[in-house]
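Report on the structure given below.
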Amino acid sequence: MHIAIAGGSGFVGGAIAAELARRGEEVVVLSHRPGAARRHLPDAVEVREADATRTESLAAALVGADVLVIAIAHPNYPMENPRRGWTFEAVEAAGTERLVAAATASGVRRFFYVSGAGAAPDAPRHWFRAKWRAEEAVRGSGITFTILRPTWIYGPGDVSLNRFLGFARWLPFVPMTGDGKQLLAPVFIDDVAKLAADALRDRAADDQVFELGGPEVLSMNDVLHTALRIGGRRRPILHAPARLMKLVVWPLQFLPRAPLTPDAVDFVNQPAVVDTAPLLARMPRRLTPLEEGLATYLGRAGDRRQPTRS
Ligand SMILES: NC(=O)c1ccc[n+]([C@@H]2O[C@H](COP(=O)([O-])OP(=O)(O)OC[C@H]3O[C@@H](n4cnc5c(N)ncnc54)[C@H](OP(=O)(O)O)[C@@H]3O)[C@@H](O)[C@H]2O)c1
8 MHIAIAGGSG
18 FVGGAIAAEL
28 ARRGEEVVVL
38 SHRPGAARRH
48 LPDAVEVREA
58 DATRTESLAA
68 ALVGADVLVI
78 AIAHPNYPME
88 NPRRGWTFEA
98 VEAAGTERLV
108 AAATASGVRR
118 FFYVSGAGAA
128 PDAPRHWFRA
138 KWRAEEAVRG
148 SGITFTILRP
158 TWIYGPGDVS
168 LNRFLGFARW
178 LPFVPMTGDG
188 KQLLAPVFID
198 DVAKLAADAL
208 RDRAADDQVF
218 ELGGPEVLSM
228 NDVLHTALRI
238 GGRRRPILHA
248 PARLMKLVVW
258 PLQFLPRAPL
268 TPDAVDFVNQ
278 PAVVDTAPLL
288 ARMPRRLTPL
298 EEGLATYLGR
308 AGDRRQPTRS
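Following this note's numbering, the numbering of the sequence shown begins with 8 at its first residue and continues without gaps.
Printed below as a string of structure tokens:
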């Protein structure tokens, strides 16, 4: 099976590409920065140039593909920059629509789309409405699909939990926006990658929309305390009120590559809890508990496992 992965140089798509390559599948990573993507991928993985914001770049990149996995996010996700076209609407929504149209024309027989928990047509936040728009393109294609809506994904290459752990390396405390009481069911990247790889060959995944979270529901504070403990760095968490942080970071949104924006403060503070029962009924599997997942790459047991992202 020839599998093209848009976003295969990223955190989620990279893990899916690595898992598929491990299983002996023929994997092609589509990237709008192929030079940078090439440096971080195994030699066995082919890289082709494809920019989801430019229709004309897509047809050649999809030649021969039987399956298209879509795991794209705009550069500097989740911080947007409308002047550079780095928005949920332009890349996640319109970009997915372009990819689906090009793949349909080129004869792809299956889609796997990485959406997000919370995608809905009437969601209060625009990033979830953009995800819904992308899902609608996949659902309306007439081609067999699986849509995955993961919660908060952690692993060696994530940019969220690892950012907090990075602070712990240099500071006597870990700063966090908000009170950290929002509930999360963090899901391990390996579980996401294995599920994606399984779904491409399992009829039980045909035309399904699955929510995916980890086996435990914890507060953000508990997630971070657990990660700090396993990483061997006990630190207090210093909370900054989200409203104050949004005011403080407001000017940063005008930087070319903002480290944080008011919307991104809301993005990182949102709860992420889902119902995994429908997924587990159709595709039974063990989901990795948080401590077990973290121990594979943090602390002594982790042995410096390398991330798969660029
Ligand atoms: N991380 C999480 O916790 C999480 C949770 C739930 C859902 N998701 C979803 O999973 C998807 C991937 O997230 P991620 O965390 O893996 O993000 P990421 O690491 O930032 O990766 C984003 C990917 O998008 C590609 N990309 C960016 N602009 C592109 C363009 N114009 N054309 C084609 N490809 C483009 C990038 O590749 P190049 O730069 O090489 O082109 C990169 O591979 C997103 O849709 C996100 O909403 C993530």
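Note that beta-carbon positions come from the ideal geometry of N, C-alpha and C, so glycine has one too. On a predicted model such as this, the values are computed, not experimentally measured, just so you know.
Say yes only if the C-beta of H81 is nearer than 7 angstroms to one or more non-hydrogen atoms of ligand 3, and no if none qualify. Ligands displayed in this structure: ligand 1; ligand 3 is not among them.
Output the distance between the C-alpha atoms of S317 and W134, rounded to the nearest integer angstrom. In this prediction, S317 has a pLDDT of 42, which is less than 50 and means its spatial position is unreliable; what the coordinates show is noted afterwards. Rounded to whole angstroms, the separation of the alpha carbons of W134 and S317 is 23 angstroms.
Any idea if D213 is buried or exposed, counting beta-carbon neighbours within 10 angstroms, 16 or more meaning buried? An exposed status is given to D213, since fewer than 16 other beta-carbon atoms sit within 10 Å of its beta-carbon.
In angstroms, rounded to a whole number, what distance separates the CA positions of L75 and K188? The alpha-carbon atoms of L75 and K188 are separated by roughly 37 angstroms.
What alpha helix (DSSP H) runs, 4 residues minimum, are completely inside the stretch 11 to 90? Listed in chain order, the complete alpha helix (DSSP H) runs (minimum 4 residues) inside the stretch 11 to 90 are 18 to 29, 41 to 45 and 65 to 68.
Nearest candidate by alpha-carbon position, reference R208, set G17, F18, A25 and R30: Here the closest residue by C-alpha is R30.
Please confirm whether R105 and L65 have their CB atoms less than 8 angstroms apart. Note that the C-beta distance between R105 and L65 is below 8 angstroms.
By the 10 Å Cβ neighbour count, where 16 or more other Cβ atoms means buried, how is V230 classified, buried or exposed? V230 is buried by the Cβ-count criterion.
Is A57 near A44, with beta carbons less than 8 angstroms apart? Here A57 is not near A44, since their CB atoms are 8 angstroms or more apart.
Determine the contact status of E63 and T268, defining contact as a CB-CB distance below 8 angstroms. No, they are not a contact pair.
Please tell me whether, using a cut-off of 7 angstroms, the distance from the CB of W7 to the nearest non-hydrogen atom of ligand 1 is below it. Look at the range of the chain in this structure, 8 to 317, and you will see that residue 7 is not part of it.
Quick check on the DSSP output: what are the complete alpha helix (DSSP H) runs of length 4 or more inside the stretch 244 to 292, in order along the chain? Qualifying alpha helix (DSSP H) stretches, in chain order: 249 to 256, 269 to 276 and 284 to 289.
Could you check whether G239 and P193 sit closer than 8 angstroms to each other, using their CB atoms as the reference points? No. Outside cutoff.
Just to confirm, are L168 and A112 a CB contact at a threshold of 8 angstroms? In this structure, A112 does not lie closer than 8 angstroms to L168 by Cβ.
Could you tell me if E26 is buried or exposed, where buried requires 16 or more neighbouring beta carbons within 10 angstroms of its beta carbon? With 16 or more neighbouring CB atoms inside 10 Å of its own CB, E26 falls in the buried class.
Hey, which unbroken runs of the beta strand (DSSP E) at 3 residues or more fall wholly within the stretch 200 to 225? List check, beta strand (DSSP E) in window: 215 to 219.
Cβ-based burial, R156 [other Cβ within 10 Å; buried from 16]: Classification of R156: buried, given that the 10 Å Cβ count is 16 or more.
Between the Cα of P266 and the Cα atoms of L254, T295 and P85, which residue gives the shortest distance? If we check each option's Cα against that of P266, P85 comes out closest.
With distances taken Cα to Cα, identify the nearest neighbour of A78 among W139, S122, V224 and L191. Of the candidates W139, S122, V224 and L191, the one whose C-alpha sits nearest the C-alpha of A78 is S122.
F180 (DSSP reduced to helix, strand or coil): Of the three classes helix, strand and coil, the one that applies to F180 here is coil, per DSSP.
Supposed close pair G162, D197 - CB separation, criterion 8 angstroms: Between the beta-carbon of G162 and that of D197 there is about 7 angstroms, and that keeps the pair under the 8 angstroms contact cut.
Can you give the Cα-Cα distance for R289 and A211, rounded to whole angstroms? Spanning the two alpha carbons is a distance of roughly 6 angstroms.
Could you give the C-beta distance for A144 and R136, rounded to a whole number, given that I count them as a contact under 8 angstroms? Between the beta-carbon of A144 and that of R136 there is about 13 angstroms, and that puts the pair past the 8 angstroms contact cut.
F171 and L245 closer than 8 angstroms at C-beta: Contact: no.
Do G17 and ligand 1 come close, with the Cβ less than 7 angstroms from some heavy atom? At least one heavy atom of ligand 1 is nearer than 7 angstroms to the Cβ of G17, so yes.
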